[in-house]
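Numbered as in the working numbering, the sequence shown ends at 1751 without a single skipped number. Here the structure is laid out as structure tokens; the discussion comes afterwards.
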Amino acid sequence: MSKFASFAEYPARSLVGAEAALLTAWVSLERYHESLVLVGGLAVKYVIQPGPNSQPGAITMDVDLGVALAVEGGQYGSIADDLAGQGFKRNEQGRYVRQFEAMPVFIDFLTEHPTANEGTAIVDGVPAGVFPGIGRALATKRKVSIEGHDLFGVQQRVQVPVSGIGPLLVLKLNAFAGRQQPKDAYDVLLLVTRYVDGFDAAVAEFRVEATAANPGYARAAATLRQHFTEAGQSGPVRCAAFAFGHQPPGAEERDRQRQIIQQMVTVGRTLLAE
1478 MSKFASFAEY PARSLVGAEA ALLTAWVSLE RYHESLVLVG GLAVKYVIQP
1528 GPNSQPGAIT MDVDLGVALA VEGGQYGSIA DDLAGQGFKR NEQGRYVRQF
1578 EAMPVFIDFL TEHPTANEGT AIVDGVPAGV FPGIGRALAT KRKVSIEGHD
1628 LFGVQQRVQV PVSGIGPLLV LKLNAFAGRQ QPKDAYDVLL LVTRYVDGFD
1678 AAVAEFRVEA TAANPGYARA AATLRQHFTE AGQSGPVRCA AFAFGHQPPG
1728 AEERDRQRQI IQQMVTVGRT LLAE
């Protein structure tokens, strides 16, 4: 399992493990670097600023890599071969997994398909979930310097392309639409309220996707309207539950949850310009 209902349920070093998995994979995939982009929960870490100590930050056990549909390694092997050479095993769900300390860490691939909005495509030997909007994530990527230890314990310093904030929000909202996971809602809140370039920039870049031929934007906007514009809707409620739902009920905890709910509603309405 790599998704939990609240921040507190994640193992303490989840984020360190996910980053170690990324560093391990990235140094072995050099010939694919131009066709890959980091999305998902780990990408959130690299595009937000620190927040108040009372509120959780980014967390994940997964590495989500967007990949161009037509990529192939040719005579030098495949992505699947390279990951196997680094000790990753493909499980029954098609995810690549390796152990980090006492917990598993995962690598998943996402791609965009010209005629499908869901399902799985095989890209250079690896199963990739079909997610509209990966093309825009690739088109807007910006490089981030990441330094840390890989899964072998070796210190690495690499430049990894991370999705632009607009496409990343589209992907996160559409992930929420499909499964209504509390963590996806909380990631949306973090992306907008703590974006490194500021709240207004995050909103502006999301709105660009409306006219940028992003095939995932219409569903993302519909998800905002249906789930993120009122305090009693699923997005704000689940967002607050992820941040503070583990705490015993009390006046202070209820107040924190109300604040998160209102923040999420403000974000939802602002993204929609409503």
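Backbone N, C-alpha and C fix where the C-beta goes; we use that ideal spot for every residue, glycine too. If you're wondering where the values come from, they're calculated on a predicted model, not measured in any experiment.
What span of residues does the alpha helix (DSSP H) with residue i cover, start to end?
{"i": "residue 1499", "result": "1491-1503"}
{"i": "residue 1653", "result": "1642-1656"}
{"i": "residue 1556", "result": "1556-1562"}
{"i": "residue 1599", "result": "Here residue 1599 belongs to no alpha helix (DSSP H); instead the beta strand (DSSP E) covers 1597-1600."}
{"i": "residue 1749", "result": "Where residue 1749 is concerned, there is no enclosing alpha helix (DSSP H), given that its DSSP letter is neither H nor E."}
{"i": "residue 1508", "result": "Taken as a continuous stretch (DSSP letters only), residue 1508 belongs to no alpha helix (DSSP H), as it is neither H nor E."}
Mapping the DSSP letters down to three states, classify residue i as helix, strand or coil.
{"i": "residue 1820", "result": "Nothing about residue 1820 can be read from this structure; the chain reaches only from 1478 to 1751."}
{"i": "residue 1715", "result": "helix"}
{"i": "residue 1451", "result": "Summary: the structure shown does not reach residue 1451, with the chain confined to residues 1478 through 1751, and so no result is reported for it."}
{"i": "residue 1736", "result": "helix"}
{"i": "residue 1680", "result": "helix"}
{"i": "residue 1581", "result": "strand"}
{"i": "residue 1673", "result": "coil"}
{"i": "residue 1487", "result": "coil"}
{"i": "residue 1744", "result": "helix"}
{"i": "residue 1539", "result": "strand"}
{"i": "residue 1606", "result": "strand"}
{"i": "residue 1666", "result": "helix"}
{"i": "residue 1588", "result": "strand"}
{"i": "residue 1703", "result": "helix"}
{"i": "residue 1480", "result": "coil"}
{"i": "residue 1572", "result": "coil"}
Taking all protein chains shown into account, decide if residue i is buried (16 or more other Cβ within 10 angstroms of its Cβ) or exposed.
{"i": "residue 1683", "result": "buried"}
{"i": "residue 1710", "result": "buried"}
{"i": "residue 1651", "result": "buried"}
{"i": "residue 1672", "result": "buried"}
{"i": "residue 1649", "result": "buried"}
{"i": "residue 1691", "result": "buried"}
{"i": "residue 1531", "result": "exposed"}
{"i": "residue 1734", "result": "buried"}
{"i": "residue 1496", "result": "buried"}
{"i": "residue 1706", "result": "buried"}
{"i": "residue 1638", "result": "buried"}
{"i": "residue 1512", "result": "buried"}
{"i": "residue 1631", "result": "exposed"}
{"i": "residue 1617", "result": "buried"}
{"i": "residue 1634", "result": "exposed"}
Please report the residue range of the beta strand (DSSP E) in which residue i lies.
{"i": "residue 1626", "result": "1619-1626"}
{"i": "residue 1634", "result": "1632-1639"}
If contacts are defined as beta-carbon pairs under 8 Å, then residue i and residue j qualify, I think. What distance do you get, rounded to the angstrom?
{"i": "residue 1584", "j": "residue 1498", "result": "6 Å"}
{"i": "residue 1519", "j": "residue 1540", "result": "6 Å"}
{"i": "residue 1577", "j": "residue 1600", "result": "25 Å between Cβ atoms; not a contact."}
{"i": "residue 1553", "j": "residue 1508", "result": "7 Å"}
{"i": "residue 1535", "j": "residue 1667", "result": "6 Å"}
{"i": "residue 1653", "j": "residue 1588", "result": "Not quite, the Cβ-Cβ distance comes to about 20 Å (not below 8 Å), so this is no contact."}
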